[in-house]
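Trainee: When you line the sequence shown up against the numbering used here, it's residues 1 to 192, in that order. The structure follows.
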Amino acid sequence: MAWTNPLTWETEQVVSASDLNTHLRDNLKYMKGRVLAQWPAHALAIGESNAADGPDVSSVISGAASEYLFADDADQKVYGYFAAPQDFAGDTPLVVRLYWSAAATTGTVRWKAGILAWGSGEAMTGSHAGTGVTADVSTTTNQLAVTAITITNPGIAANDLICLEIERQAATNTPDTMSGDARLHFVQLEVG
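Right, here's the structure in full:
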């Protein structure tokens, strides 16, 4: 399915169902799942004392994925930044996809994602809003896991600077039971 430039309708113009389907419904379907930003592990930022270890880029040279290591005894975080597109609608849900692997064969990992947005002229302060938390994710050693977290009301406006926060909730969440590191390889943010 491809994008079709929307029509401009006149007041009291009769519009056919076919036109509505082509210019509204199909375009909405096209936009769902649109990727807004992507970060390999080595492109994520750390910003505080409880940041994840990494990035380990030594494995990139050998062809393996880079990774941030999230320990099992602390709530650790990494951040990704991007600018919202000019056509972004603020109440649009977002899906954060985490591509990661586990260091252990048993247990579960609990991930959390949060969004913070600043518009032009706004103070760059505040806490992450629009937070989403995963259900507990079972682990298998060294196998790629893809976890989706939906953020239903991110509070983003077009052209905002966005900070995406990713956290393993190992210390504050008892459902996180995996001993050993959770290895974050890649993050993708898309329209829900």
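Glycine included, every Cβ here is placed at the ideal spot set by N, Cα and C. Predicted model only: the values in this text are computed from it and were never measured.
If you run the structure through DSSP and keep just helix, strand and coil, what is alanine 102?
Mentor: Three-state result, alanine 102: strand.
Trainee: Less than 8 angstroms between the C-beta atoms of alanine 103 and aspartate 181, yes or no?
Mentor: Yes.
Trainee: To the nearest whole angstrom, what separates the beta carbons of methionine 178 and glycine 107, a pair I think is in contact under 8 angstroms?
Mentor: The pair is a contact, with the Cβ atoms about 3 angstroms apart (cut-off 8 angstroms).
Trainee: Using a Cβ-Cβ cut-off of 6 angstroms (strictly less than) and excluding sequence neighbours within five positions of alanine 148, which residues of its own chain qualify?
Mentor: Closer than 6 angstroms at the Cβ level, and outside the excluded window around alanine 148, lie Val95, Arg97.
Trainee: Starting from the Cα of valine 35, find the closest Cα among Arg110, Asp72, Ala83 and give me that residue.
Mentor: Ranking the options by Cα distance to valine 35, first place goes to Ala83.
Trainee: Could you please give me the residues that DSSP links to serine 138 through a beta bridge?
Mentor: Partner(s): Thr108.
Trainee: Determine the burial state of glutamine 143: buried for a count of at least 16 other Cβ atoms within 10 Å of its Cβ, exposed for fewer.
Mentor: Answer is exposed; the Cβ neighbour count stays below 16.
Trainee: Candidates Ala170, Glu122, Thr125: which alpha carbon is nearest tryptophan 111's?
Mentor: For tryptophan 111, the nearest C-alpha among the options comes from Ala170.
Trainee: Please state whether the Cβ-Cβ distance between isoleucine 193 and valine 78 is less than 8 angstroms.
Mentor: Limits of the chain in this structure are 1 at one end and 192 at the other, which puts residue 193 out of reach.
Trainee: State the start and end residues of the unbroken alpha helix (DSSP H) segment that holds alanine 145.
Mentor: Here alanine 145 belongs to no alpha helix (DSSP H); instead the beta strand (DSSP E) covers 145 to 151.
Trainee: Kindly indicate which three-state DSSP category aspartate 75 falls into: helix, strand or coil?
Mentor: Aspartate 75 falls in the strand class under three-state DSSP.
Trainee: Whole angstroms are fine: how far does the CA of serine 18 sit from the CA of glycine 222?
Mentor: Since the first residue shown for the chain is 1 and the last is 192, residue 222 is missing from the structure and cannot be characterised.
Trainee: Does DSSP put leucine 20 in a helix, a strand or coil?
Mentor: Of the three classes helix, strand and coil, the one that applies to leucine 20 here is helix, per DSSP.
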